[in-house]
Structures are given as C-alpha cells and as structure tokens.
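A.B. asks: My numbering puts the first residue of the sequence shown at 92, with every later residue one more than the last. Quick reminder that beta carbons are idealized off the backbone N, C-alpha and C, glycines included.
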Amino acid sequence: MKIILYIIGLVLIALSVYGRYWRGRRIFERRNIAGIQEFKSYNDSLKKTYFENLMHFLGVFSLVLGIIVLLFAYFGYDDFLQWMQTHQH
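(1) How big is the Cα-Cα spacing for K139 and Q176?
(2) Going straight from the alpha carbon of R111 to that of I99, what length do you get?
(3) Among R116, H178 and L154, whose alpha-carbon lies nearest the alpha-carbon of A105?
(4) Of the residues V108, W174, D170 and V160, which one's Cα is nearest the Cα of I95?
(5) Output the distance between the C-alpha atoms of W113 and H178, rounded to the nearest integer angstrom.
(6) Mapping the DSSP letters down to three states, classify Q179 as helix, strand or coil.
(7) Indicate whether S136 and F130 have their beta-carbon atoms separated by less than 8 Å.
(8) If you count every other CB in all the chains shown that lies within 10 Å of the CB of A164, and 16 or more means buried, which is it?
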C-alpha cells in the first residue's frame, strides 16, 4: 500500500511540474519581439487565459495533493489516525 501512495504522490507532483512548464511555454510562444502577448481576438485571449489559469490552479492543487499523499506514505496513515484520535476535544 505504501508503494502505491509513493507512486501516486510522485505522479501528481510530476504532472504539476509538467503543467507549469507547458503553461510557461505557451505564454512564451505567444510573445512578439517586444515581449507582448499576441492573440487573434479578444475572445481568443479570454478563452486561452481562462484555460491556462484553470490548468495552473489544477497544477498547484495536484502539487499540494501530491505532497500530502507522500507525507501519508512516509509517516503512515495509521499514525495520522491515531494522532487525530488523541487530539480530539
């Protein structure tokens, strides 16, 4: 079970890193010689930036989730449950 958690955590972190790279590359490729992003139309800019911001949010979420899963794998889920039961009010 621990090895599965390690794999899931590492895959989530890898997806997050690749998503950040992908988004940065797309923004870089849209820039002209003056460094300003160019779009075909206003609606195109809205769609692309909305989609990229959504992907950025999902990337940050998967990074945090991946770190949490790795912490559960390292420290153990049973230890976490035991700690929660001892610290309930």
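C.D. replies: This is what the structure holds:
(1) Cα to Cα, the separation comes out at about 46 Å.
(2) So the alpha carbons of these two residues sit roughly 19 Å apart.
(3) Residue L154 is the option with its Cα nearest to A105.
(4) If we check each option's Cα against that of I95, V160 comes out closest.
(5) Taking the straight line from one Cα to the other gives about 42 Å.
(6) Three-state result, Q179: coil.
(7) One thing to note: S136 has its Cβ within 8 Å of the Cβ of F130.
(8) It counts as buried.
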